[in-house]
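Numbering (my numbering), first residue to last: 322 to 746.
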């Protein structure tokens with residue numbers, strides 16, 4: 322099957338929807354008619370350094386522009402045929418990374434079903450900190466727009482989320498919110514440093530935990546709100562009172578910045594804190610995710626199988642596998658068209674496992690050992706695609722904004738799946 326490159330006609334809009342974090346900002350400048358990554362990165366730098374750095378990296382001179390098999394340059398059709406041959410010979414394949422758009426994930430699921438593969442996203446074990454809590458007890462969550470227009474108090478827990486979501490505070494704090502008084506609004510830091518990008522004049526309160534860790538601090542807040550006996554701590558008791566009096570507040574965290582040990586239990590307690598507050602007033606949680614397409618991958622998996630990742634196709638059925646063991650993996654198929662997904666590495670698998678990598682050109686640099694590399698378009702940059710935003714309620718269309726010879730990841734995966742049929746027959 323001959324792959325179709327994206328063309329100038331694919332550039333259906335001048336709007337640039339940035340795919341490089343879960344915020345999916347749609348107000349950054351596009352490349353213009355020059356299609357020059359360097360000048361484009363310069364335009365974006367002052368607004369979002371993360372986006373600027375990633376745009377520049379996509380044009381890296383060391384990136385691999387053509388398909389390769391074991392380090393040798395080959396035609397794309399040859400690489401697809403070789404990928405299909407290796408997949409047909411594999412007994413325990415894993416489709417990992419999953420950094421792509423909705424259609425790429427659909428294609429990955431179809432391939433996984435056909436070959437009996439296991440699937441997981443590169444961020445999955447961090448994402449499960451949020452997933453496990455929601456699966457066990459449920460949650461009150463909100464949207465970026467509701468926080469922006471209604472929140473009187475924003476409580477940041479466990480780290481600076483702007484490291485992963487650079488424009489978060491700009492997106493959360495409207496200069497003149499419709500349903501809140503900007504002058505009375507507070508940002509509260511619970512074991513978190515002051516974030517970048519706070520609007521001028523924002524009131525920030527750093528809470529003294531009195532030597533407690535986050536687990537104890539959240540437990541104390543819950544006890545104070547419920548009128549239960551607890552060790553008094555002036556800062557936390559005062560915060561509990563203010564949270565109860567607030568008309569609308571939100572608790573915000575990024576799962577990757579929480580303490581690694583017991584993080585899912587801490588997330589569950591944060592959700593329970595919000596539930597406690599809703600007995601008196603109105604609060605919500607905003608667990609940040611969506612970077613590297615992790616929310617997109619999990620959403621599509623849930624739509625089509627009924628399960629979040631990780632999953633396994635076997636015997637004509639699909640199974641949820643929350644605690645997978647990949648020691649027996651004999652082939653890793655890696656989808657990484659969103660650059661943040663990084664190198665093809667699978668926890669627990671052999672370091673020398675054979676790999677089939679479908680990804681942005683920079684991902685092909687440095688590949689060693691037995692591998693097949695097929696470059697593919699980055700959604701929102703080289704090709705159009707749909708991505709799920711960090712609050713999980715919006716799937717945004719991200720039009721391609723650069724002229725590119727690269728095929729979409731879904732086209733590559735579908736071509737490989739079609740070739741696998743030939744080897745199986």
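C-beta atoms are modelled at their ideal positions from N, C-alpha and C, and glycine is treated no differently.
Computed from a predicted model, the values in this text were never measured in an experiment.
Backbone secondary structure at residue i - three-state DSSP
i	result
residue 406	helix
residue 704	strand
residue 432	helix
residue 715	coil
residue 540	helix
residue 683	helix
residue 411	coil
residue 330	Note on residue 330: pLDDT 41, under 50, position unreliable in the model; no value is reported.
residue 320	With the chain covering 322 to 746 only, the question about residue 320 has no answer from this structure.
residue 697	coil
residue 394	strand
Whole-angstrom distance between residue j and residue i, CA atom to CA atom
i	j	result
residue 567	residue 412	57 Å
residue 702	residue 511	37 Å
residue 448	residue 522	34 Å
residue 370	residue 547	43 Å
residue 381	residue 345	23 Å
residue 680	residue 419	10 Å
residue 831	residue 366	Because the chain spans 322 through 746 in this model, residue 831 falls outside it and cannot be assessed.
residue 689	residue 396	19 Å
residue 349	residue 600	40 Å
residue 331	residue 704	Low confidence applies here, because residue 331 scores a pLDDT of 47, under 50, leaving its location unreliable; read the following figure in that light. Looking at the two C-alpha atoms, the distance is approximately 7 Å.
residue 733	residue 399	12 Å
residue 277	residue 657	The chain is shown from 322 up to 746; residue 277 falls before or after that span and cannot be answered.
residue 783	residue 556	Past the boundaries of the shown model lies residue 783; the chain is included only from 322 to 746, so the question cannot be answered.
residue 635	residue 671	22 Å
residue 743	residue 353	43 Å
residue 741	residue 406	7 Å
Per-residue burial, residue i [other beta carbons within 10 Å of its own, 16 or more giving buried]
i	result
residue 720	buried
residue 401	buried
residue 553	exposed
residue 581	exposed
residue 549	exposed
residue 497	exposed
residue 624	exposed
residue 677	buried
residue 610	buried
Identity of the residues DSSP links to residue i by a beta bridge
i	result
residue 692	676
residue 338	None; residue 338 has no bridge partner.
residue 416	440, 654
residue 709	716
residue 635	638
Residue i: CB within 7 Å of a non-hydrogen atom of the ligand NAP
i	result
residue 657	The ligand NAP is absent from the structure shown, which contains no ligands of any kind.
* **Segments assigned alpha helix (DSSP H), at least 4 residues, entirely inside the region 551-632** => 555-566, 584-598, 615-626
Unbroken stretches of the beta strand (DSSP E), 3 residues or longer, contained in the region 638-667:
638-641, 652-657
- Can you list, in chain order, the stretches of the beta strand (DSSP E) that have 3 or more residues and sit fully within the region 458-532? 474-478, 507-511, 524-527
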